[in-house]
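Chemist: Okay, handing you the structure first.
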Amino acid sequence: MVRRCGAPAHSVFLIFAQNDEWIRYHEEGTYLERSQRPKYLEHLDRLRVLNYPSYRQGDVVWGLSAARLHKLGMFGIDSGPISVINSRAGSRSREIVRLQRRITAEDVEVRDGVAVTNRARTALDLIGALGPVTGFAAMEQVLRASMLGDDEDAIFRTGYPPDLQSLVPEKVSELFDPSRARMAAGQKRAMTLCKLISPLSEGYAESRTSLNLHLLGLHNFIQQFDVRDGRRILTRLDFLFADAKVAIYVDGTQKYVDAGFERMNKESHQHNRLLSMGYKVVRFKFNEILDVATFSRKLFAQAPELKKSCQKKTVI
């Protein structure tokens with residue numbers, strides 16, 4: 001910013017000029033990239049929530065609007081009016097939907113001057129507001145950030161602590177049990193999802209795949225499994241059924257530890273090496289994991305041996 005504009009009519013643009021993240025989108029031109037467009041639109045929605053001028057005393061941002069403030073990634077969720085709850089009164093307009101509902105101070109925090117449900121409560125609320133699939137993905141993001149931090153590049157460089165999974169039950173209880181106990185409705189479904197979430201899902205697609213597997217009764221899988229070829233790590237599998245040696249990759253994205261390895265495809269050395277080591281590899285495009293029936297048909301068509309591993313299906 002060169003200087004502050006004094007024209008009152010231009011004051012509406014001040015929220016953009018003072019926002020470093022918005023400036024970076026435009027300086028780097030990433031807002032023009034198709035792959036970055038959803039994140040850019042989510043950021044604009046975040047600015048809209050932060051800068052709404054007519055919040056009332058007692059308003060607490062919740063639901064989708066709270067998820068935007070907490071930068072919880074979702075898919076296929078259109079932005080609508082800002083969602084707030086207020087213990088005194090409800091109202092509805094094109095800009096904001098205010099529900100009359102009580103919430104305790106323990107579930108509220110202040111972000112950039114706006115009262116909002118905290119991350120854990122927001123994720124739990126999304127189960128009822130936007131469905132268990134969205135809620136599950138949000139809960140996994142909250143758990144992952146709490147245990148590993150928000151710097152995905154750093155997580156990639158350092159890898160996962162060997163004792164990570166042993167710490168999950170205690171951390172899940174610490175994060176979600178207090179807020180879940182204060183929910184007026186939906187506690188049972190929230191408890192079901194609390195038993196399934198993991199910090200190892202590296203994005204929405206992997207969260208969706210994890211939930212799909214649980215819905216099919218396939219619970220005994222390993223996430224982020226490093227396959228070693230001699231002394232070096234060949235690749236990291238998104239999901240592995242160890243007994244059947246069935247590996248699952250999601251959305252064609254692999255996380256290679258060796259930056260010199262090219263992205264795996266059917267003709268690649270890594271793929272052929274996995275086959276020679278006795279693995280069966282099933283790849284899912286993003287749109288194939290969005291419907292559990294579509295996911296199921298492809299999985300069992302390519303790896304019918306997994307049907308023997310099915311246990312009681314998760315019901316949500």
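Take 1 as the starting number for the sequence shown in full-length UniProt numbering and just add one per residue.
Cβ coordinates follow ideal geometry from the N, Cα and C atoms, glycine included.
Taking buried to mean at least 16 other C-beta atoms within 10 Å of its own C-beta, is Ala67 buried or exposed?
Modeler: As a first step, residue 67 must be located in the sequence shown, where it is residue number 67. Buried, because 16 or more other Cβ atoms sit within 10 Å of the Cβ of Ala67.
Chemist: Given a cut-off of 8 Å on the beta-carbon distance, is the pair Leu148 and Lys171 in contact?
Modeler: Residue 148 sits at position 148 when you count from the first residue of the sequence shown. Residue 171 sits at position 171 when you count from the first residue of the sequence shown. Not in contact: Leu148 and Lys171 (Cβ atoms no closer than 8 Å).
Chemist: If distances are taken between C-alpha atoms only, which option among Ser54, Val315, Gln141, Ser268 comes closest to Leu200?
Modeler: The residue given as residue 200 occupies position 200 in the sequence shown. The residue with the shortest Cα to Cα distance from Leu200 is Gln141.
Chemist: Expressed to the nearest angstrom, what Euclidean distance is found between the alpha-carbon atoms of Tyr55 and Ser179?
Modeler: Along the sequence shown, read from residue 1 onward, the residue named residue 55 stands at position 55. Along the sequence shown, read from residue 1 onward, the residue named residue 179 stands at position 179. Rounded to whole angstroms, Tyr55 to Ser179 spans 24 Å at the Cα level.
Chemist: Could you pull out every residue in the same chain whose Cβ sits closer than 7 Å to the Cβ of Ile85, ignoring the five residues on either side in sequence?
Modeler: Locating residue 85 in the sequence shown gives position 85, where the first residue counts as 1. Contacts found: Val60, Trp62, Leu99, Arg101, Ile103.
Chemist: Please state whether DSSP places Phe75 in a helix, a strand or coil.
Modeler: On the sequence shown, position 75 is the one that residue 75 refers to. Three-state result, Phe75: coil.
Chemist: For Cys310, count neighbouring Cβ atoms within 10 angstroms of its own Cβ and tell me buried if that reaches 16, exposed if not.
Modeler: As a working mapping, residue 310 is identified with position 310 in the sequence shown. Exposed, by the Cβ-count rule.
Chemist: So, Pro132 versus Ile316, is the Cβ gap smaller than 8 Å?
Modeler: Counted from its first residue, the sequence shown places residue 132 at position 132. Counted from its first residue, the sequence shown places residue 316 at position 316. Contact: yes.
Chemist: May I have the straight-line CA-CA distance separating Gly186 from Gly128, to the nearest angstrom?
Modeler: Residue numbering aside, residue 186 sits at position 186 when the sequence shown is read from its first letter. Residue numbering aside, residue 128 sits at position 128 when the sequence shown is read from its first letter. One alpha carbon belongs to Gly186, the other to Gly128, and they sit about 7 Å apart.
Chemist: Taking the Cβ atom as the reference point for each residue, do Ala242 and Ala303 lie within a distance shorter than 8 Å?
Modeler: For this step, residue 242 is matched to residue 242 along the sequence shown. For this step, residue 303 is matched to residue 303 along the sequence shown. No.
Chemist: Got a sec? Which residues, its chain only, sit under 8 Å from Ala181 by beta carbon, not counting five neighbours each side?
Modeler: On the sequence shown, position 181 is the one that residue 181 refers to. Excluding residues within five positions, the ones whose Cβ falls inside 8 Å are Gln187.
Chemist: What first and last residue would you give for the beta strand (DSSP E) that runs through Asp226?
Modeler: Along the sequence shown, one-based indexing puts residue 226 at 226. Asp226 -> beta strand (DSSP E) spans 222–229.
Chemist: Report, in whole angstroms, the separation of the C-beta atoms of Phe284 and Val246, which I expect to be a contact under 8 Å.
Modeler: As a first step, residue 284 must be located in the sequence shown, where it is residue number 284. As a first step, residue 246 must be located in the sequence shown, where it is residue number 246. Not a contact, Cβ separation roughly 13 Å.
Chemist: Between Leu196 and His214, how many whole angstroms is the CB-CB distance? I'm expecting something under 8 Å.
Modeler: Translated into the one-based positions of the sequence shown, residue 196 becomes position 196. Translated into the one-based positions of the sequence shown, residue 214 becomes position 214. Indeed they touch by this definition, with Cβ atoms about 5 Å apart.
Chemist: For Gln270, which beta-bridge partners are listed by DSSP?
Modeler: As a first step, residue 270 is located in the sequence shown; it is residue number 270 there, counting from the start. BP columns for Gln270 are empty, so no partner.
Chemist: Measuring straight from C-alpha to C-alpha, what distance separates Lys39 and Asp238?
Modeler: In the sequence shown, counting from the first residue as 1, residue 39 sits at position 39. In the sequence shown, counting from the first residue as 1, residue 238 sits at position 238. Straight-line Cα distance between these residues: approximately 23 Å.
Chemist: Counting only the same chain and skipping the five closest in sequence on each side, list residues whose C-beta sits under 7 Å from that of Thr253.
Modeler: The residue you call residue 253 lines up with position 253 of the sequence shown. Note on Thr253: pLDDT 41, under 50, position unreliable in the model; no value is reported.
Chemist: Can you look up Asn212 in the DSSP assignment and give me helix, strand or coil?
Modeler: Residue mapping note: residue 212 aligns to position 212 of the sequence shown, counting from 1. Reduced to three states, the DSSP call for Asn212 is helix.
Chemist: Distance, Cα to Cα, Leu47 vs Lys307?
Modeler: Residue mapping note: residue 47 aligns to position 47 of the sequence shown, counting from 1. Residue mapping note: residue 307 aligns to position 307 of the sequence shown, counting from 1. Each residue's Cα considered, the two are about 47 Å apart.
Chemist: When burial is assigned at 16 or more other CB atoms within 10 Å of the CB, is Asn220 buried or exposed?
Modeler: Counting from 1 along the sequence shown, the entry for residue 220 is found at position 220. For Asn220, the number of other beta carbons within 10 angstroms of its own is below 16, and it is reported as exposed.
Chemist: Quick one, are the C-beta atoms of Tyr204 and Ala137 less than 8 Å apart?
Modeler: Counting from 1 along the sequence shown, the entry for residue 204 is found at position 204. Counting from 1 along the sequence shown, the entry for residue 137 is found at position 137. Contact: yes.
Chemist: Can you name the residues that DSSP bridges to Gln100?
Modeler: As a position in the sequence shown, residue 100 is number 100, starting the count at 1. DSSP lists Asn86 as partners of Gln100.
Chemist: With Ile155 as the anchor, note down where its beta strand (DSSP E) starts and where it stops.
Modeler: If you number the sequence shown from 1, residue 155 lands on position 155. That residue, Ile155, is in no beta strand (DSSP E); its alpha helix (DSSP H) goes 152–158.
Chemist: Grouping DSSP H, G and I as helix and E and B as strand, with all else coil, what is Asp238?
Modeler: Taking the sequence shown and counting its residues from 1, one reaches residue 238 at position 238. If DSSP states are grouped into helix, strand and coil, Asp238 belongs with the strands.
Chemist: Quick one: grab the DSSP three-state call for Tyr204.
Modeler: Looking up residue 204 in the sequence shown gives position 204. Residue state, collapsed to three classes: helix.
Chemist: Taking the alpha carbon of Arg121 as the reference point, which residue from Asp107, Asp291, Glu152 has its own alpha carbon closest?
Modeler: Locating residue 121 in the sequence shown gives position 121, where the first residue counts as 1. Ranking Asp107, Asp291, Glu152 by Cα distance to Arg121 puts Asp107 first.
Chemist: Around the Cβ of Ser65, are there at least 16 other Cβ atoms within 10 angstroms (buried) or fewer (exposed)?
Modeler: Residue mapping note: residue 65 aligns to position 65 of the sequence shown, counting from 1. Classification for Ser65: buried.
Chemist: Would you mind sorting Val116 into buried or exposed? The rule is 16 or more other CB atoms within 10 Å of its CB.
Modeler: To locate residue 116, count along the sequence shown from 1; it is residue 116. Buried.
Chemist: Determine the direct distance from the alpha carbon of Phe295 to that of His271, and round the result to whole angstroms.
Modeler: Locating residue 271 in the sequence shown gives position 271, counting from the first residue. Locating residue 295 in the sequence shown gives position 295, counting from the first residue. Taking the straight line joining both Cα atoms gives about 21 Å.
Chemist: Quick check: what's the CA-CA separation for Ser198 versus Thr192?
Modeler: Locating residue 198 in the sequence shown gives position 198, where the first residue counts as 1. Locating residue 192 in the sequence shown gives position 192, where the first residue counts as 1. If you draw a straight line from the Cα of Ser198 to the Cα of Thr192, it is about 13 Å long.
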